[in-house]
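Q: Quick note on my numbering: the sequence shown kicks off at 1 and runs consecutively.
For every residue, glycine included, the Cβ atom is placed at its ideal position computed from N, Cα and C.
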Amino acid sequence: MKSVSKNINGKSRRRLFIAIALVIIFLTLTAVGFLKNWSLPSFSSETVTPLPAIDPINQLTNLLSEKNIPVSFPLIATSSGILARLTDGSEVYLSINKDFTSQVEALQIMLARFKIEGKQIKKIDLRWAQPIVVY
């Protein structure tokens, strides 16, 4: 009887050893598969800066000249927008978060309207939803 129990015990050990070996092989292959597909993040060669790719001052200068709005230079960039001084002494604040084209078109309409009305403008602020005009 002792030989039979040793034989059964030996078969169980062999099965246990085979099961553990299969689990280890499976885990190893799984880990290799993950490591093969996983890589460190690569760094691109392009430079990342907090400034936009297109210079907003140049873009705004071009738009103002296209719309024949006389501006004395230089334009001043602030954290909340761009300050443009018109040749008549008026100050115009434009938002850097809004489309320049729509702001310049609105400015052109406002300047034409105030010129017809004969009003001298001191300040126009286009950074808000509703423009602020100071006479």
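(1) Output the distance between the C-alpha atoms of residue 13 and residue 25, rounded to the nearest integer angstrom.
(2) Is there a C-beta anywhere in chain B that falls below 8 angstroms from the one on residue 28?
(3) Does DSSP put residue 126 in a helix, a strand or coil?
(4) Taking the straight line between their C-alpha atoms, what separation do you get for residue 81 and residue 55?
(5) How is the alpha helix (DSSP H) around residue 109 delimited, first residue to last?
(6) Can you tell which of 15, 66, 21, 128 has its C-alpha closest to the C-alpha of residue 92?
(7) If you run the structure through DSSP and keep just helix, strand and coil, what is residue 131?
(8) Look at the alpha carbon of residue 61 and the alpha carbon of residue 90, and state the distance between them as a whole number of angstroms.
(9) Is it true that the CB of residue 101 sits closer than 8 angstroms to the CB of residue 63?
A: In brief:
(1) Going by the C-alpha atoms only, they are around 18 angstroms apart.
(2) Absent from the structure is chain B; it holds one protein chain and no more.
(3) In the structure shown, residue 126 falls within a coil segment according to DSSP collapsed to helix, strand and coil.
(4) Rounded to the nearest whole angstrom, the C-alpha separation of residue 81 and residue 55 is 13 angstroms.
(5) Counting along the chain, the unbroken alpha helix (DSSP H) around residue 109 starts and ends at 100-117.
(6) With distances taken between Cα atoms, residue 92 lies closest to 128.
(7) Residue state, collapsed to three classes: coil.
(8) Cα-Cα distance, rounded: 16 angstroms.
(9) Yes, the Cβ-Cβ distance between residue 63 and residue 101 is below 8 angstroms.
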